[in-house]
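Enquirer: Numbering (my numbering), first residue to last: 617 to 1075. Don't be surprised by glycine CBs; every beta carbon is placed ideally from N, CA and C. Quick one: this structure, given as structure tokens, is what I'll be asking you about.
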Amino acid sequence: MAQLWGGRFTKETDKLVYNFNASISFDQKFYKQDIEGSIAHVKMLGKQGILTDQESGDIVRALQEIRQDVEDGKLQITDEYEDIHSFVEANLIDRLGDTGKKLHTGRSRNDQVALDMRLYTREEVKETDALLKELLKELLKIMEENTGTIMPGFTHLQKAQPVTLAHHVGAYFEMFRRDRGRLHDIYERMNYCPLGAGALAGTTYPLDREYTAELLGFYGPTLNSMDSVSDRDYVTEFLSALSTVMMHLSRFCEEIIIWNSNEYQFVEIDDAYSTGSSIMPQKKNPDIAELVRGKTGRVYGALMSILTTMKGIPLAYNKDMQEDKELTFDAIDTVKGCLALFTGMISTMKFRKEVMSKSARHGFTNATDAADYLVNHGVPFRDAHGIVGRIVLYCIEKGIAIDDMSLDELKAICPVFEADIYEAISMETCVNKRLTIGAPGKEAMEKVIALEKAYLEEN
Ligand code: ARG
617 MAQLWGGRFT KETDKLVYNF NASISFDQKF YKQDIEGSIA HVKMLGKQGI LTDQESGDIV
677 RALQEIRQDV EDGKLQITDE YEDIHSFVEA NLIDRLGDTG KKLHTGRSRN DQVALDMRLY
737 TREEVKETDA LLKELLKELL KIMEENTGTI MPGFTHLQKA QPVTLAHHVG AYFEMFRRDR
797 GRLHDIYERM NYCPLGAGAL AGTTYPLDRE YTAELLGFYG PTLNSMDSVS DRDYVTEFLS
857 ALSTVMMHLS RFCEEIIIWN SNEYQFVEID DAYSTGSSIM PQKKNPDIAE LVRGKTGRVY
917 GALMSILTTM KGIPLAYNKD MQEDKELTFD AIDTVKGCLA LFTGMISTMK FRKEVMSKSA
977 RHGFTNATDA ADYLVNHGVP FRDAHGIVGR IVLYCIEKGI AIDDMSLDEL KAICPVFEAD
1037 IYEAISMETC VNKRLTIGAP GKEAMEKVIA LEKAYLEEN
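Take a look at the structure:
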């Protein structure tokens, strides 16, 4: 049991207590950040004359060696240490003796862990953003190729009006773009350095907090030492943004599962992204989409957990806050895995365009446009609605689409119809006449695609 404390104790820690308290099994995940933070701290101690240049230089070199040895597998992080901070300091002392014992001058594990967690989260915010960008690129590709691929748009999962695949996928583009915006906001808010806050009340050493902040790529130091050691807002914000990412992925997965079903057959998930059944030889299941949908619960769980953990903690640091790590790490890894797999799945998925367009044609998705046609010929909308309602009923009885009716049949229900009705209610017209920005019409969609493309180039 290697601990950084013990002077005021007369007994060994109970073994169960030690294990319950220890965090090495999970905080070893940020050994790099811990060493990076220590290097910045020690450089600053040297610059301020709190350590000699020689001492500071020796410690920096030894810390770099420790990091290298861990990376090369020469040095194992084992559970004989209480936490990652103890591991690094103990190894430093092994290598440098008394000089190593000076590392922790003017620092507490409270500001140290606050820094480590912030550095780790900051990196993960960037990595998640990069994965979202890859997904957006893939979505944009599908959009560019499908501005003319007609499919039914749904409300209540009932066919409503025709849209295009580009337009449907474009809706998800917006969602994931907003997700990136949230990550950007979090980054801007969190990028301040808590190092130097000490246990809670700063220190009496003349630390240069601006300098360490700068060395570590922060915009500047945090402004209240008690808040610095006990702020985990950026974790709750990140988990909230990740939960929203999962909510979006899950909705998309749900649609893909429906589209991939035997009844719809709008898409075919690639063999490489499907799985079989142990008993039913015909099965090809959308397990990846289902798993992504399922893992959403786990990420929401992490968010609820941190919110609940934080809600009753008096200022400043309390050990409860050690609970910020495990579920957060799990949620981050889960979301990153889901994003990568989902992007792979949709980039290899086949869209069965003819099935989609046939489905749009046979679902009365042009009924609104038929009513609009009558309105344009002087029929009040409410009457037009009733007339087209009767037409739909007629078609259902005959098992045909509106455009399959002869002009005589149409005229028998309403004499206002003329031969140009067929052109007016063709799927292509229905879609391409919708040209306000944000609508599915080809020209409107192309304008949006150009804007999204420019966004991806700049961001
Ligand atoms: N393992 C602790 C954590 O994760 C590190 C900080 C310990 N500080 C303390 N005062 N015991 O929060």
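Could you give the C-beta distance for W875 and F868, rounded to a whole number, given that I count them as a contact under 8 Å?
Expert: Actually they do not touch by this definition, with Cβ atoms about 10 Å apart.
Enquirer: Hey, would you say the C-beta of N807 is under 7 Å away from at least one heavy atom of the ligand ARG?
Expert: Flag unset: Cβ of N807 not near the ligand ARG.
Enquirer: Taking only heavy atoms of the ligand ARG into account, decide whether any of them is closer than 7 Å to the Cβ of R723.
Expert: Answer for R723: no, Cβ out of range of the ligand ARG.
Enquirer: Taking all protein chains shown into account, do 16 or more other C-beta atoms lie within 10 angstroms of the C-beta of F636, making it buried, or fewer, making it exposed?
Expert: Exposed is the call here.
Enquirer: Identify, in the order they occur along the chain, each residue of the same chain with its Cβ nearer than 8 Å to the Cβ of T721, setting aside the five sequence neighbours on each side.
Expert: Answer for T721: L661, I666, L667, Y821, listed in chain order.
Enquirer: With DSSP collapsed to three states, give me the class of G1005.
Expert: Looking at G1005 - three-state DSSP - the assignment turns out to be helix.
Enquirer: Any idea what DSSP makes of I640, helix, strand or coil?
Expert: Here I640 sits in helix by DSSP.
Enquirer: When we look at the beta-carbon of Q777 and count the other beta-carbons within 10 Å, is it buried (16 or more) or exposed?
Expert: When all chains shown are included, Q777 counts as buried.
Enquirer: Quick check on this structure: which residue in M862, N762, V851 has the alpha carbon closest to the alpha carbon of K966?
Expert: Looking at the Cα atoms, N762 is the closest of the given residues.
Enquirer: In the structure shown, what three-state DSSP assignment does G812 receive?
Expert: Looking at G812 - three-state DSSP - the assignment turns out to be coil, as it is neither helix nor strand.
Enquirer: Do L747 and L955 have their C-beta atoms within less than 8 Å of each other?
Expert: Going by C-beta atoms, L747 is nearer than 8 Å to L955.
Enquirer: May I ask you to report which of helix, strand or coil DSSP gives T721?
Expert: Coil, per DSSP.
Enquirer: Helix, strand or coil for A817? Go by DSSP, reduced to three states.
Expert: Note: A817 maps to coil in three-state DSSP.
Enquirer: Please classify K659: is it buried, with 16 or more other beta-carbons within 10 angstroms of its beta-carbon, or exposed?
Expert: Flag for K659 reads buried.
Enquirer: From the DSSP output, in three-state form, read off N707 for me.
Expert: Looking at N707 - three-state DSSP - the assignment turns out to be helix.
Enquirer: Using C-beta distances below 7 Å, list every residue in its chain close to E1059, excluding the 5 sequence neighbours before and after it, in chain order.
Expert: Counting only Cβ-Cβ distances below 7 Å, and skipping sequence neighbours, we find L1051.
Enquirer: With G769 as the anchor, note down where its beta strand (DSSP E) starts and where it stops.
Expert: Where G769 is concerned, the enclosing beta strand (DSSP E) stretches over 766-771.
Enquirer: Going by DSSP, name the residue or residues bridged to Q777.
Expert: Answer is G769.
Enquirer: Use the C-beta contact count for L717: other C-beta atoms within 10 angstroms, 16 or more gives buried, fewer gives exposed.
Expert: For clarity, residue 717 is Lys in the given sequence; the question names Leu instead. When all chains shown are included, K717 counts as exposed.
Enquirer: When you measure from the CB of K645 to every non-hydrogen atom of the ligand ARG, does any distance come out below 7 Å?
Expert: No, the beta carbon of K645 sits no closer than 7 Å to any heavy atom of the ligand ARG.
Enquirer: Does the distance from the CB of T891 to the CB of D903 come in under 8 Å?
Expert: Yes; because the gap between Cβ atoms is below 8 Å, this pair is in contact.
Enquirer: Within a Cβ cutoff of 6 Å, which residues of the same chain sit near D1020, ignoring the five residues on either side of it in sequence?
Expert: Once the five neighbours on either side are set aside, D1020 has no close Cβ partner at all.
Enquirer: Please report the straight-line C-alpha distance between G1054 and V995, rounded to a whole angstrom.
Expert: Distance between the alpha carbons of G1054 and V995 is about 28 Å.
Enquirer: Is there at least one non-hydrogen atom of the ligand ARG closer than 7 Å to the beta-carbon of Y933?
Expert: Result yes, Cβ under 7 Å from the ligand ARG.
Enquirer: Quick one: Cα of Q649 to Cα of D732, how far?
Expert: Going from the Cα of Q649 to the Cα of D732 covers about 5 Å.
Enquirer: How do the segment 943-951 and the segment 906-920 stand: do at least 3 beta-carbon pairs fall below 8 Å, yes or no?
Expert: Contact holds: three or more Cβ-Cβ distances are below 8 Å.
Enquirer: Pick out whichever of T715, T694, P768, G786 has its Cα sitting closest to the Cα of K969.
Expert: The option with the nearest alpha carbon to K969 is P768.
Enquirer: Please confirm whether I962 and I1003 have their CB atoms less than 8 Å apart.
Expert: The answer is no: Cβ separation not under 8 Å.
Enquirer: Taking one C-beta from the segment 859-866 and one from the segment 815-834 each time, how about it: are there three or more such pairs within less than 8 Å?
Expert: Touching, no.
Enquirer: Look at the Cβ atom of A730, then the Cβ atom of V845, and state whether they are nearer than 8 Å.
Expert: Yes, these two residues count as a Cβ contact at 8 Å.
Enquirer: Helix, strand or coil: how does DSSP classify F945 here?
Expert: Three-state result, F945: helix.
Enquirer: Does the contact criterion of 3 or more C-beta pairs under 8 Å hold for the segment 800-817 versus the segment 1008-1026?
Expert: Output reads no: the segment 1008-1026 does not touch the segment 800-817.
Enquirer: Just mark E879 as buried or exposed, buried being the case when its beta carbon has 16 or more other beta carbons within 10 Å.
Expert: Exposed.
Enquirer: Tell me whether N726 counts as near the ligand ARG, meaning its Cβ is closer than 7 Å to at least one heavy atom of that ligand.
Expert: Checking every heavy atom of the ligand ARG against the Cβ of N726, one is found closer than 7 Å.
Enquirer: What are the boundary residues of the alpha helix (DSSP H) that H864 is part of?
Expert: Counting along the chain, the alpha helix (DSSP H) containing H864 begins and ends at 849-875.
Enquirer: Can you tell me whether N1127 is helix, strand or coil according to DSSP?
Expert: There is simply no residue 1127 to check, as the chain begins at 617 and stops at 1075 in what is shown.
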